[in-house]
Amino acid sequence: MNVTFRRLQKTFYTLRGKVEALKSIDLEIGQGEFFILLGPSGCGKSTTLNLTAGLERPTAGEIRFADRIVSSPERKIFLSPKERNVAMVFQSYALYPHLNVFENIAFPLRIAREREIDEPVRNTADMLGIDDLLERKPAELSGGQRQRVAIARALVRNPDLFLLDEPLSNLDAQLRTNMRSEIKRLQRDTGITTIYVTHDQTEAMTLGDRIGLFRDGSLVQVGTPDDLYNRPQTPFAATFIGSPPMNVIPSEINKEGDAAVITYADGKSELPKDKAWMLERLVDRKALMGIRPEHISMVTTSESISLAGNIETIEPLGRELLYHVRTGAGNVLVLSSDEELRLGDTVHLLFDSSHIHLFPSEPGAN
Ligand code: ATP
């Protein structure tokens with residue numbers, strides 16, 4: 105089932121004034137898609153999920169499930185969560201402590217007065233690898249097992265839409281990685297349209313077919329993980345996606361003969377040919393140059409005019425080292441496996457021009 109948001113708005117009125125949690129969201133999520141709502145704390149992700157589930161009413165706009173409108177204040181339509189056939193899993197597992205695993209999973213079926221209980225419960229438990237735990241109470245389970253029970257309980261009624269709000273944040277790092285691949289497999293096997301909220305960009309990149317990146321109640325970019333990583337449209341997207349984050353360096357674009365040149369502090373680079381379309385927008389203007397730490401190399405002497413700086417910090421990251429280099433254009437992060445360089449060394453930074461991103465630097469552009 106596909107899900108459509110049209111000019112969706114949500115305003116909360118509180119004693120301290122009004123909060124525009126969602127400003128105007130337009131989005132279409134396709135049938136069977138694994139869609140991620142990503143963004144920093146307070147940007148409106150959970151509000152979007154709660155509006156989709158029917159736990160909150162929108163202030164304006166519309167939500168459609170396939171051709172059916174499920175929320176529209178203008179048309180005075182609001183379907184309850186039950187009428188929407190959605191399943192939701194939260195960060196807190198919210199299991200019933202006095203019921204065993206079987207009865208926890210069976211709960212939604214009993215509420216709906218379904219006749220068939222045993223088979224769907226056992227099939228779902230089997231799918232999640234918890235079929236040997238059916239007699240246990242939640243207190244006798246690990247965090248990962250509890251979250252599996254919560255997911256089984258959500259899926260046992262074959263929902264049309266599966267909503268998850270930061271379901272893995274209570275788990276330790278190892279378990280989170282395991283559960284992540286299990287949720288991915290489960291979603292692929294069931295084909296249920298899934299909307300997943302997280303503030304963790306790694307989770308978003310590894311799980312999502314597409315990601316909607318939020319900031320301050322607005323969607324700032326929607327695309328595949330590859331789109332967001334390789335073609336960020338704003339400095340915000342550029343620095344939010346990827347770890348360590350992309351460097352964003354104040355610069356200026358000028359024409360030198362036929363070439364377009366980016367100047368930053370004491371260095372300059374030629375604008376890559378495939379970015380020439382940006383010239384019209386940016387030439388003779390200040391811009392922000394984005395470059396990922398893995399696309400910068402460091403040399404101790406340089407013939408060309410490159411950005412010079414001093415190594416201030418070196419962080420070992422396993423296979424590589426993360427260098428913090430203080431330059432005339434601010435601090436720049438560089439990933440390198442060169443172990444010869446030392447703290448305090450003066451280095452010249454060379455940017456791989458095919459990986460340069462440019463953003464207008466006017467206020468409001470990010
Ligand atoms: P987090 O990752 O911290 O959960 P989020 O992106 O999910 O953040 P929301 O919970 O959707 O953010 O909140 C968006 C904005 O709306 C925030 O400014 C929040 O304080 C506000 N908000 C959310 N729920 C309410 C409420 N019931 N009453 C008043 N303001 C609210």
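Numbered per our numbering, the sequence shown spans residues 105 to 470. Think of the CB as a built atom: it goes at the ideal place given N, C-alpha and C, for glycine as much as any other residue.
In this structure, Leu411 and Ala391 do not form a Cβ contact; the two beta carbons are roughly 15 Å apart against a cut-off of 8 Å.
Runs of the beta strand (DSSP E) spanning 3 or more residues and lying entirely within the region 343–372 occur at 351–360 and 363–368, in chain order. Residues of the same chain with a CB within less than 7 Å of the CB of Thr343, apart from the 5 flanking positions on each side, are Pro349, Met350 and Val352 in chain order. Here Ser145 has His303 as same chain residues with Cβ atoms under 8 Å from its own Cβ, once five neighbours each way along the sequence are excluded. Between Phe206 and Asp264 a beta carbon distance of about 25 Å is seen, past the 8 Å cut, so the two are scored as non-contacting.
Note that the region 149–167 does not touch the region 223–235; fewer than 3 beta-carbon pairs, one per stretch, sit closer than 8 Å. In the three-state DSSP reduction, Thr431 falls in the strand class (E or B).
If you look at Tyr333, you'll find it in the alpha helix (DSSP H) that goes Pro329 to Asn334.
Counting only runs that start and end inside the region 259–315, the beta strand (DSSP E) elements of at least 3 residues fall at 265–269 and 297–302.
Taking the Cα positions, Ser347 is about 16 Å away from Leu317.
The beta carbon of His202 sits closer than 8 Å to the beta carbons of Lys241 from its chain, once the five residues preceding and following it are set aside; these are given in chain order. The Cβ neighbour count for Asn154, taken over all protein chains shown within 10 Å, is at least 16; the residue is labelled buried. In this structure, Phe139 keeps its C-beta atom at 8 Å or more from the C-beta atom of Ala125. A straight line joining the alpha-carbon of Arg214 with that of Ser322 spans about 40 Å. By the CB criterion at 8 Å, Leu141 and Lys149 fall inside the cutoff. Considering only Phe455, Thr367, Lys372 and Ala157, the residue with the shortest C-alpha distance to Val301 is Ala157. 8 Å or more divides the Cβ of Phe463 from the Cβ of Ser373.
Residue selection by CB proximity (closer than 6 Å to any heavy atom of ligand 1) returns Phe116, Thr118, Val123, Ala125, Gly143, Ser145, Gly146, Cys147, Gly148, Lys149, Ser150, Thr151 and His303 in chain order. The continuous beta strand (DSSP E) containing Lys127 extends over residues Gly121 to Ile133. Taking all protein chains in view, the Cβ of Ile409 is surrounded by fewer than 16 other Cβ atoms within 10 Å, so the residue is classified as exposed.
Below 8 Å, enough C-beta pairs join the region 420–427 and the region 437–454 to call them touching: three or more. Within the same chain, and ignoring the five residues on either side of Gly247 in sequence, the residues whose Cβ sits closer than 7 Å to its Cβ are Asn274, Leu275 and Leu279.
For Pro212, the enclosing alpha helix (DSSP H) covers residues Val205 to Ile215. Collapsing the DSSP output to three states places Leu411 in a strand.
DSSP, read as helix, strand or coil, puts Ser401 in strand. Per DSSP, the unbroken alpha helix (DSSP H) holding Glu223 starts and ends at Asp222 to Met231.
Under the three-pair Cβ rule at 8 Å, the region 319–334 does not count as touching the region 353–362.
Assigned with DSSP and collapsed to three states, Ser145 falls in coil, not helix or strand.
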